[in-house]
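Below is one structure, written out as structure tokens; the observations come after it.
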Ligand SMILES: Cc1cc2nc3c(=O)[nH]c(=O)nc-3n(C[C@H](O)[C@H](O)[C@H](O)COP(=O)(O)OP(=O)(O)OC[C@H]3O[C@@H](n4cnc5c(N)ncnc54)[C@H](O)[C@@H]3O)c2cc1C
Ligand SMILES: Nc1ncnc2c1ncn2[C@@H]1O[C@H](COP(=O)(O)O)[C@@H](O)[C@H]1O
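This is the structure in structure tokens:
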């Protein structure tokens, strides 16, 4: 039996988010012969029209655009309705793929409950087994256990994928899947979104960054984050923080990494003045390479770091900057 | 106002987790109220203190659940409902159907739950319950105020951005860290809790057949394992400048983790 897969695309600042391309790649890796893949793009008539063309090049069979001003701000009921409007012409036996982002994680369970569907949340792996069944990997207990999960029924089914855990689908030369617009008459939303305050407008999205320089309480002040930002800029990365640094007011909560904050899986994570509490590790322990800079040789962060420097971050970070900029 | 809190009993995050033969073996581990649910409970108790009404805590799980419910009663909840199941982290479709039915029968106006459970970490169950009830929800709430007009004004955290939403009652809110500082149960509260009602229920009593059909599990666990251990790291030696040079060289050549601008 052939299945319909749908990737729910997400834009930020007019650009497709990388996790959308990762979800496409994850879906494609799990598809059987004869399965079809559509991408649904909710738009608000704004500037992100180029996103549909970008999606059309990524190996999907079609792009379905739902365009309406109300979709400019996320509200659960409106967005669920938009997805269902996009799917009306498709087989009901759909597998939905979303990024495990602020929107995806909020939207997916409502969609799943509406459809009576199973959901696998925050998948860090997905592969088609010999019997054709898709086996997902997820982290439990703050990363201290990994489970393999599968759907019991064929479909409908909903999956959210953790950013930075699947290689993104590349543009395919000459590919141009048809782009179709569907009419959308939004329901009256009971939730009224009054205001959205963007707290950090960094150039690199933390959840999707390849390099992260994170600071903790050891950074000691807002000004103390300066050298970390400089190092991040040199490496084309983003600045992150522990809860300790956020609580102390050294930086915005938007930078928080860990169970409460963002889950990140960069290529390189440099933890500066972070002790390595389990709630922090929950958000970063799957980074490919971890470096710890801490003046306490017994700090738990060294237990998961590939490279450790026992020392004062206010000496070590400037030395790294100097080394990288060829000043030594 | 009658408020319900969906509360899950979990192994405390700082406990080690031992996986053996695909099962977690932690007979010694400390079980606690899922911290995010505790923020929800605290908010419910504060609302009760200013506005009157009752707070009922609801939990589905095995007998590890009882202690969490007793703690909630000791903190000030009026009543506890324990839906007896084999596993508190069963398939989210099933768990949410049970909880939604219990909420429906209780006639609540407001439900608090957690942003996620620290053991399963799915962030599904609460939002599913809102959809099953046909209620609006606001997730990852860090501030909330219930107006006399029956509208809840919340601030929610969206990947670090702050959003202000208005949600009409009845509604479900999931609590994110930052909402409040939960209280500790006082000794008097612990004594009082012993006389407060803790009602036990089964799926059968809720009229839900979880064995087959509409209310049966949609997903299943195929395996559970410890994550591959990270190879023991290396602490660098020498003067700061030497360590910096060595680290950059290692990141470039050994780890291949540097792509400089
Ligand atoms: C429900 C819940 C959720 C949580 N969620 C999160 C979360 O999402 N993210 C998170 O991070 N935490 C979270 N926490 C908090 C977590 O438990 C820790 O309290 C927090 O991570 C500590 O932050 P820290 O490492 O910056 O501070 P500390 O633990 O105080 O560590 C500071 C470190 O800096 C080092 N140091 C000091 N000065 C220097 C210097 N000059 N040079 C080098 N090193 C120096 C010290 O040796 C120390 O190791 C959560 C807690 C709870 C209960
Ligand atoms: N077994 C359960 N009993 C009561 N509430 C639960 C249960 N499982 C999940 N919840 C609620 O749903 C939230 C999200 O859980 P989860 O989907 O497991 O991340 C939790 O914070 C709880 O408020």
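Protein chains in written order, with the numbering used here: chain X, 228 to 555; chain S, -2 to 258. The C-beta atom is built at its ideal place from N, Cα and C for all residues, glycine as well. Note that the structure is a prediction, hence the values are computed from the model and not measured.
- For residue 162 of chain S, the closest Cβ of chain X is nearer than 8 Å.
- Annotation for residue 367 of chain X: the continuous beta strand (DSSP E) segment containing it runs 361 to 367.
- Closer than 7 Å to some heavy atom of ligand 2: that does not describe the Cβ of residue 349 of chain X.
- For residue 496 of chain X, the enclosing beta strand (DSSP E) covers residues 495 to 499.
- Taken in chain order, the members of the region 8 to 25 of chain S whose beta-carbon sits within less than 8 Å of a beta-carbon on chain X are 8, 10, 11, 13, 14, 16 and 21.
- In the three-state reduction of the DSSP assignment, residue 545 of chain X falls in the helix class, which pools H, G and I.
- Within the region 100 to 117 of chain S, the residues whose Cβ lies closer than 7 Å to any Cβ of chain X are, in chain order, 115, 116 and 117.
- DSSP, read as helix, strand or coil, puts residue 301 of chain X in coil.
- Distance from the C-beta of residue 445 of chain X to the nearest heavy atom of ligand 1 is below 7 Å.
- At least 8 Å separates the beta-carbon of residue 475 of chain X from that of residue 157 of chain S.
- Relative to residue 235 of chain S, the option among X:258, X:535 and X:241 whose CA is nearest is X:535.
- Chain X has no Cβ within less than 8 Å of the Cβ of residue 27 of chain S.
- Rounded to the nearest angstrom, the gap between the Cα atoms of residue 102 of chain S and residue 195 of chain S is 16 Å.
- The beta carbon of residue 457 of chain X sits closer than 7 Å to the beta carbons of 548 from its chain, once the five residues preceding and following it are set aside; these are given in chain order.
- Contact annotation for residue 80 of chain S against chain X: no contact, minimum CB-CB distance about 18 Å [criterion: below 8 Å].
- Note that the region 448 to 464 of chain X does not touch the region 414 to 426 of chain X; fewer than 3 beta-carbon pairs, one per stretch, sit closer than 8 Å.
- Residue 342 of chain X and residue 316 of chain X have their C-alpha atoms spaced approximately 16 Å apart.
- Think of a sphere of 7 Å around the beta carbon of residue 240 of chain X: no beta carbon from chain S falls inside it, the nearest being about 12 Å out.
- The CB of residue 371 of chain X comes closer than 8 Å to the CB of 13, 14, 223 and 224 in chain S, given here in chain order.
- Rounded to whole angstroms, the gap between the alpha carbons of residue 12 of chain S and residue 27 of chain S is 7 Å.
- In the structure shown, residue 243 of chain S adopts helical secondary structure according to DSSP, grouped into three states.
- By the neighbour-count criterion, in which a residue is buried when 16 or more other Cβ atoms sit within 10 angstroms of its Cβ, residue 354 of chain X is exposed.
- Counting only runs of 4 or more residues that sit fully inside the region 246 to 285 of chain X, the alpha helix (DSSP H) segments are 277 to 283, in chain order.
- With fewer than three CB-CB distances shorter than 8 Å, the region 147 to 156 of chain S does not count as touching the region 188 to 205 of chain S.
- Residues of chain X whose Cβ lies closer than 8 Å to the Cβ of residue 204 of chain S do not exist; the shortest such Cβ separation is about 17 Å.
- When distances are taken from the beta-carbon of residue 341 of chain X to the heavy atoms of ligand 1, even the shortest one reaches 7 Å or more.
- Closer than 8 Å to the CB of residue 40 of chain S there is not a single CB belonging to chain X.
- In this structure the region 519 to 531 of chain X touches the region 493 to 508 of chain X; the number of beta carbon pairs closer than 8 Å is three or more.
- A distance below 7 Å between beta-carbons, with the five flanking residues on each side excluded, links residue 472 of chain X to the following residues of its chain, in chain order: 442, 443, 444, 446 and 478.
- Remark: the C-beta of residue 449 of chain X is outside contact range of ligand 1, defined as less than 7 Å to any heavy atom.
- At least 8 Å separates the CB of residue 553 of chain X from every CB of chain S.
- Look at residue 250 of chain S here: in three-state DSSP terms it is helix.
- Assignment of beta-bridge partners to residue 521 of chain X by DSSP yields X:537.
- Residue range 107 to 111 is occupied by the beta strand (DSSP E) that includes residue 108 of chain S.
- Taking every protein chain shown into account, the CB of residue 469 of chain X has 16 or more other CB atoms within 10 angstroms, so this residue is buried.
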